[in-house]
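Undergrad: In my numbering, the protein residues as written are 691 to 818.
A virtual CB, placed ideally from N, CA and C, is assigned to each residue, including glycine.
Being a predicted model, the structure only gives us computed values, none of them experimental.
1. Beta-carbon within less than 6 Å of residue 785's beta-carbon, same chain only, minus the 5 sequence neighbours each way: which residues are those?
2. Please state whether the Cβ-Cβ distance between residue 767 and residue 732 is less than 9 Å.
3. So the candidates are 816, 752, 781, 802; which of them puts its Cα closest to the Cα of residue 764?
4. Does the Cβ of residue 752 have 16 or more other Cβ atoms within 10 Å, making it buried, or fewer, making it exposed?
5. Let me know if residue 811 comes out buried or exposed under the rule of 16 or more other beta-carbons within 10 Å of its beta-carbon.
6. Secondary structure at residue 743, three-state DSSP: helix, strand or coil?
7. How would you call residue 817, buried or exposed, if buried means at least 16 neighbouring beta carbons within 10 angstroms?
8. Excluding the 5 residues flanking residue 770 on each side, which residues of the same chain have their C-beta closer than 7 Å to its C-beta?
9. Bridge partners of residue 803, per DSSP?
10. Going by beta-carbon coordinates alone, are residue 809 and residue 787 separated by less than 9 Å?
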């Protein structure tokens with residue numbers, strides 16, 4: 691009787707603490723997911739008339755891009771195909787003022803204006 695009670699107790703403890711090998715009931719097929727609604731990403735750099743700038747930014751694949759000798763105002767547009775993106779834009783101009791802006795679907799996500807000789811500015815967007 692003691693052996694039977696001990697065996698039953700051990701069996702229950704193994705079940706409670708998950709040491710029994712159990713079949714997996716998880717479905718291995720992924721449900722069809724809704725396509726992601728793409729967003730429009732716009733980088734803008736602006737400054738006084740006649741300002742020329744060197745601009746560095748990350749594209750939608752997070753590859754660095756460099757534009758030298760860009761006349762202001764300057765902009766470029768991308769379609770975001772992923773669920774999120776990090777935007778980074780740096781610009782230095784020949785004027786005494788320069789600004790940058792990151793816009794997603796018409797909403798300004800980041801904006802900064804700098805003053806000074808050969809002004810330098812940056813905009814950073816953590817997620818869209």
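TA: Well, looking at it:
1. Taken in chain order, the residues that qualify are 737, 738, 741.
2. Yes. Within cutoff.
3. Ranked by how close their Cα comes to the Cα of residue 764, the residues 816, 752, 781, 802 have 781 in first place.
4. With fewer than 16 Cβ atoms within 10 Å of its Cβ, residue 752 is classed as exposed.
5. The residue is buried, with at least 16 neighbouring Cβ atoms inside 10 Å.
6. Strand at residue 743.
7. Flag for residue 817 reads exposed.
8. For residue 770, where only same-chain residues beyond five positions count, the Cβ hits under 7 Å are 728, 729, 731, 750, 818.
9. Beta bridge pairing from DSSP links residue 803 with 789.
10. Taking 9 Å as the cut-off, the Cβ atoms of residue 809 and residue 787 count as close.
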